[in-house]
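Here is the structure we will look at, set down as structure tokens.
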Ligand code: ARG
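Numbering (the working numbering), first residue to last: 3 to 293.
Below, the structure written as structure tokens:
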């Protein structure tokens with residue numbers, strides 16, 4: 003029996019996982035390098051709870067159980083990719099995170115998502131590296147550090163949508179959602195130097211200059227691009243006055259939710275969440291994308 007709840011017309015719902023076992027226990031990105039064992043558990047709980055409450059005031063938040071021995075399970079963006087009633091589960095590159103796969107798989111299967119087969123030998127880190135555009139019928143897929151470049155072909159085939167792959171070149175921005183954030187009405191917030199030249203050219207060919215919100219390095223290293231948008235409002239770890247003014251001018255509100263304990267692990271607001279309602283693109287939108 004299909005008990006699928008998160009249909010296209012339901013209110014936005016976000017999945018989070020409480021940081022009961024969160025810490026930096028191993029090093030799989032540069033942020034974790036000098037932070038092993040340095041997470042203050044009480045501060046992390048408080049920061050996570052503040053984010054949860056702020057998001058719950060603007061949408062719905064559901065939580066999944068935390069698990070001992072899986073400190074990065076809090077980063078639910080890496081569960082997989084949601085598109086309509088389909089959930090494509092992640093295949094983590096690092097052995098340290100592979101133990102998360104059955105927990106995410108079980109949660110999404112219980113929620114009624116259809117879970118397609120994915121090739122065992124293709125790494126893919128879910129909504130950390132695959133971001134649906136918010137105004138064009140297409141998916142942006144990052145590769146270079148975590149997901150494999152050829153994940154894009156499997157994503158396009160399973161979801162039947164155009165995929166633009168983007169090569170990441172700065173190890174600090176190892177997942178696409180750390181440096182790239184498609185926003186409503188065709189806006190894009192991004193840190194250009196995180197991308198290869200060819201990928202920057204591709205971005206600039208698809209997004210007109212007036213819709214590109216370029217994030218300066220000082221904001222980028224505070225993970226400003228790692229934002230959650232709910233109805234033109236952004237929830238993020240940090241935004242300088244200049245970046246906030248640019249976002250405001252483009253019609254976006256900002257709520258800063260400090261998440262410094264999670265930045266020690268290389269993740270902030272967007273990484274700690276996954277949207278469960280992702281309306282599939284309409285046939286008309288796909289036809290115009292193909293034309
Ligand atoms: N420590 C985690 C890792 O390196 C952080 C994951 C952040 N998630 C994200 N969607 N960017 O995998």
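Quick reminder that beta carbons are idealized off the backbone N, C-alpha and C, glycines included.
Just so we're clear, the structure is a prediction, and the values are computed from it rather than from any experiment.
- Counted as a single uninterrupted DSSP element, the beta strand (DSSP E) harbouring residue 62 occupies residues 62-65.
- Counting along the chain, the unbroken alpha helix (DSSP H) around residue 262 starts and ends at 262-265.
- Residue 211: not part of any alpha helix (DSSP H); DSSP gives it neither H nor E.
- Counted as a single uninterrupted DSSP element, the beta strand (DSSP E) harbouring residue 166 occupies residues 165-169.
- Rounded to whole angstroms, the gap between the alpha carbons of residue 29 and residue 196 is 20 Å.
- In the structure shown, residue 143 falls within a strand segment according to DSSP collapsed to helix, strand and coil.
- Segment contact: the segment 98-113 against the segment 53-61, fewer than three CB-CB distances shorter than 8 Å; contact not assigned.
- In this structure, residue 81 lies near residue 128, with their beta-carbon atoms less than 8 Å apart.
- Annotated three-state conformation of residue 133 is strand, per DSSP.
- Taking each of 215, 261 and 32 in turn and checking the Cα distance to residue 247, the smallest one comes out for 215.
- In the displayed model, residue 99 falls within a helix according to three-state DSSP.
- Per DSSP, residue 231 is not a residue of any alpha helix (DSSP H); the beta strand (DSSP E) it occupies stretches across 230-232.
- CA-CA distance, residue 43 to residue 24, rounds to 7 Å.
- Taken through DSSP and simplified to helix, strand or coil, residue 175 comes out as helix.
- Scanning 175, 121 and 233 for the CA closest to the CA of residue 222 turns up 175.
- Residue state for residue 16 is assigned as strand, using DSSP reduced to three classes.
- The ligand ARG has no heavy atom closer than 7 Å to the beta-carbon of residue 66.
- In the DSSP secondary-structure assignment, residue 255 is bridged to 235.
- In terms of Cβ geometry, residue 200 and residue 238 do not form a close pair [threshold 8 Å].
- Take residue 149, set aside five residues on each side of it, and the residues of its chain with a beta-carbon closer than 6 Å to its own are 125, 126, 127 and 131, in chain order.
- DSSP lists 191 as the bridge partner or partners of residue 183.
- By the beta-carbon neighbour count (other beta carbons within 10 angstroms, threshold 16), residue 277 is buried.
- In terms of side-chain proximity, the C-beta atom of residue 74 is found nearer than 7 Å to a non-hydrogen atom of the ligand ARG.
- The shortest CA-to-CA distance from residue 141 to any of 94, 193 and 84 is the one to 84.
- Nearest to residue 103 by C-alpha distance, out of 116, 86, 70 and 75, is 75.
- Taking C-beta atoms as the reference points, residue 241 and residue 249 count as a pair closer than 8 Å.
- Boundaries of the alpha helix (DSSP H) harbouring residue 288: 285-292, taken from the DSSP string.
- Taking every protein chain shown into account, the CB of residue 71 has fewer than 16 other CB atoms within 10 angstroms, so this residue is exposed.
- Shown here, residue 70 sits in coil according to DSSP, grouped into three states, outside any helix or strand.
- Taking every protein chain shown into account, the CB of residue 49 has 16 or more other CB atoms within 10 angstroms, so this residue is buried.
- One thing to note: residue 204 has its Cβ no nearer than 8 Å to the Cβ of residue 162.
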